[in-house]
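K.L.:
Going by my numbering, the letters in the sequence shown line up with residues 4 to 274, in that order.
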Amino acid sequence: MLDLRLDGPALTAALVDIPSLSGTEKELADLVEVPGTGTLNGFTATCGGVLGLVRLDGTGTDFLHRILDATVDSLSIGQRVAARWADEAKGSVLDLAGFEPAESAPAEDGAVKALVTETEPLAERPYELELHYRHAYGPYYGRMFDELAADRRILGVKCPQCRSVLVPPRELCDVCYVRTEHWVDVADSGVLKAFSVIHLKFVGQTREPPYVYAEIVLDGAATRLIHTIGGIDVTQAAETLRPGMRVRAVWKDDKPTGTLEDILHFEPISE
Ligand SMILES: [Zn+2]
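#1: Would you tell me roughly how many angstroms separate the C-alpha atoms of residue 201 and residue 250, rounded to the nearest one?
#2: Taking 6 Å as the cut-off, is the beta-carbon of residue 168 closer than that to any non-hydrogen atom of ligand 3?
#3: Measure the alpha-carbon distance for residue 176 versus residue 223 and round it to whole angstroms.
#4: Go through its chain and collect everything with a Cβ distance to residue 178's Cβ below 8 Å, but skip five positions before and after it.
#5: Would you say the beta carbon of residue 178 comes nearer than 6 Å to a heavy atom of ligand 1?
#6: Within 6 Å: the Cβ of residue 239 and any heavy atom of ligand 1?
#7: Decide if residue 230 is buried, meaning its Cβ has at least 16 other Cβ atoms within 10 Å, or exposed.
#8: Within the same chain, show all residues whose beta-carbon is closer than 6 Å to that of residue 143, passing over the 5 residues directly before and after it, in chain order.
#9: Please report the distance separating the alpha-carbon of residue 69 from that of residue 90.
#10: Our contact map puts residue 85 next to residue 102 with C-beta atoms below 8 Å; I'd like the distance itself, whole angstroms only.
#11: Let me know if residue 97 comes out buried or exposed under the rule of 16 or more other beta-carbons within 10 Å of its beta-carbon.
#12: Please classify residue 195: does DSSP put it in a helix, a strand, or coil?
#13: If residue 59 and residue 38 are in contact, beta carbons under 8 Å, what's the gap, nearest whole angstrom?
#14: Using a 10 Å radius around the Cβ and a threshold of 16 neighbouring Cβ atoms, would you call residue 120 buried or exposed?
#15: Between residue 186 and residue 159, what straight-line distance do the alpha-carbon atoms span, to the nearest angstrom?
#16: Run the CB neighbour count on residue 136, radius 10 Å, all protein chains shown included, and call it buried at 16 or more, exposed below.
#17: Three or more C-beta pairs closer than 8 Å, one from the stretch 187-196 and one from the stretch 248-266: is that the case here?
#18: Alpha carbon to alpha carbon, how far is residue 267 from residue 242?
#19: Where does residue 55 fall in DSSP's three states?
#20: For residue 157, count neighbouring C-beta atoms within 10 Å of its own C-beta (all shown protein chains included) and say buried if the count is 16 or more, exposed if not.
#21: Residue ranges of each beta strand (DSSP E) run of no fewer than 3 residues wholly in the stretch 232-266, ordered along the chain?
#22: Would you report the Cα separation of residue 128 and residue 198, rounded to the nearest angstrom?
#23: Please list, in chain order, all residues of the same chain as residue 25 whose beta carbon is under 6 Å from its beta carbon, the five residues on each side excluded.
#24: Rounded to a whole number of angstroms, what is the C-alpha to C-alpha distance between residue 7 and residue 262?
#25: So if DSSP puts residue 218 in a beta bridge, which residue, or which two residues, is it bridged to?
Put into structure tokens, the structure is as follows:
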């Protein structure tokens, strides 16, 4: 394996035998400094430019990186390349901007050198990911959400073979693999089958933890609908809730959105 650090501009690597090639498993050896020159062992065109596998002089593995100022037609396997460093170091692999063809780049004497000044490895680096997308409901989910928004109706579809009513509705019964036939109304109350208190935050979460995640079988349906339980003290959920208890939907008062968010949550029915 190649443990790579960019102490720009210098390439630092821990060189070890590759177990699958050598048949031995050895601990990582001391860090060494490798030169910025090497041989192109493979390349391909991508929409972001040319990527290549570079065998840096003195190393035993290929390093994948950008090949700059080149087209695939101008490159050949075995040709010499040299590192080009970014003007400004930002602590990412792109501090090494890539490799450029360097026909005359000599293999440096001794190639791999003992590391004189060791720097701290970059332990972690924060990244942010923002995702915008459109979720295509299709005709089945689409109709259910339309009816939710228009009339606060929850619709399912019935399987002609096992007679199960599927909520949310889908085109095929997932037990019989036959096409569903009739749309049917189901109640906005039902039975709590399972629940879990969510404490963890995760990407895309629409509710602030802690909250109660629940699987509910609505009256008239055969399948579980995923929603949340509210109107209770979440810290007491384990004592308050039990599978088999009856719950009902609490609808949002404001403008409907045509999503399951139009139901604020389900709450236990006091009986
Ligand atoms: Zn079925």
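Beta carbons: idealized from backbone N, C-alpha and C, even for Gly. Source: prediction; values computed, not measured.
P.N.:
So, to answer that:
#1: Walking along the sequence shown from the start, residue 201 turns up at place 198. Walking along the sequence shown from the start, residue 250 turns up at place 247. Computed Cα separation, rounded: 19 Å.
#2: Among the ligands modelled here, namely ligand 1, ligand 3 does not occur.
#3: Numbered from its first residue, the sequence shown carries residue 176 at position 173. Numbered from its first residue, the sequence shown carries residue 223 at position 220. For residue 176 and residue 223, the distance between alpha carbons rounds to 16 Å.
#4: On the sequence shown, residue 178 is found 175 positions in, with the first residue counted as 1. For residue 178, where only same-chain residues beyond five positions count, the Cβ hits under 8 Å are 162, 165 and 167.
#5: Taking the first residue of the sequence shown as position 1, residue 178 is located at position 175. Yes; taking the cut-off as 6 Å, the Cβ of residue 178 has a heavy atom of ligand 1 nearer than that.
#6: Here the question's residue 239 lines up with position 236 in the sequence shown. No, ligand 1 has no heavy atom inside 6 Å of this Cβ.
#7: Numbered from its first residue, the sequence shown carries residue 230 at position 227. It is buried - the Cβ of residue 230 has at least 16 other Cβ atoms within 10 Å.
#8: The residue labelled residue 143 in the question sits at position 140 within the sequence shown. Taken in chain order, the residues that qualify are 172, 173 and 174.
#9: As a working note, residue 69 is residue 66 in the sequence shown. As a working note, residue 90 is residue 87 in the sequence shown. Whole-angstrom Cα-Cα distance: 16 Å.
#10: Here the question's residue 85 lines up with position 82 in the sequence shown. Here the question's residue 102 lines up with position 99 in the sequence shown. With 8 Å as the limit, residue 85 and residue 102 qualify as a contact, their Cβ atoms being about 6 Å apart.
#11: As a position in the sequence shown, residue 97 is number 94, starting the count at 1. Exposed, because fewer than 16 other Cβ atoms sit within 10 Å of the Cβ of residue 97.
#12: The count along the sequence shown starts at 1 and reaches residue 195 at position 192. Collapsing the DSSP output to three states places residue 195 in a strand.
#13: Taking the sequence shown and counting its residues from 1, one reaches residue 59 at position 56. Taking the sequence shown and counting its residues from 1, one reaches residue 38 at position 35. About 7 Å; that satisfies the 8 Å criterion.
#14: On the sequence shown, residue 120 is found 117 positions in, with the first residue counted as 1. Classification for residue 120: exposed.
#15: Taking the first residue of the sequence shown as 1, we reach residue 186 at position 183. Taking the first residue of the sequence shown as 1, we reach residue 159 at position 156. Rounded to the nearest whole angstrom, the CA to CA distance from residue 186 to residue 159 is 6 Å.
#16: Working through the sequence shown from its first residue, we reach residue 136 at position 133. Here residue 136 is exposed, its C-beta having fewer than 16 other C-beta atoms within 10 Å.
#17: The stretch 187-196, when compared against the stretch 248-266, does touch it at the 8 Å Cβ threshold.
#18: Reading the sequence shown from its first residue, position 264 is the one you call residue 267. Reading the sequence shown from its first residue, position 239 is the one you call residue 242. Approximately 22 Å, taken between the alpha carbons.
#19: Locating residue 55 in the sequence shown gives position 52, counting from the first residue. In the displayed model, residue 55 falls within a strand according to three-state DSSP.
#20: Sequence index remark: in the sequence shown, residue 157 carries index 154 (1-based). Buried.
#21: Counting only runs of 3 or more, we get 249-254.
#22: If you number the sequence shown from 1, residue 128 lands on position 125. If you number the sequence shown from 1, residue 198 lands on position 195. Looking at the two C-alpha atoms, the distance is approximately 36 Å.
#23: Within the sequence shown, the letter at position 22 stands for residue 25. Any answer about residue 25 is weak, because its pLDDT of 47 lies below 50 and its placement is not dependable; what the coordinates show is given next. None.
#24: Sequence index remark: in the sequence shown, residue 7 carries index 4 (1-based). Sequence index remark: in the sequence shown, residue 262 carries index 259 (1-based). In this prediction, residue 7 scores a pLDDT of 49, lower than 50, which makes its location untrustworthy; no coordinate-derived value is stated.
#25: As a working mapping, residue 218 is identified with position 215 in the sequence shown. BP columns for residue 218 point to 197 and 229.
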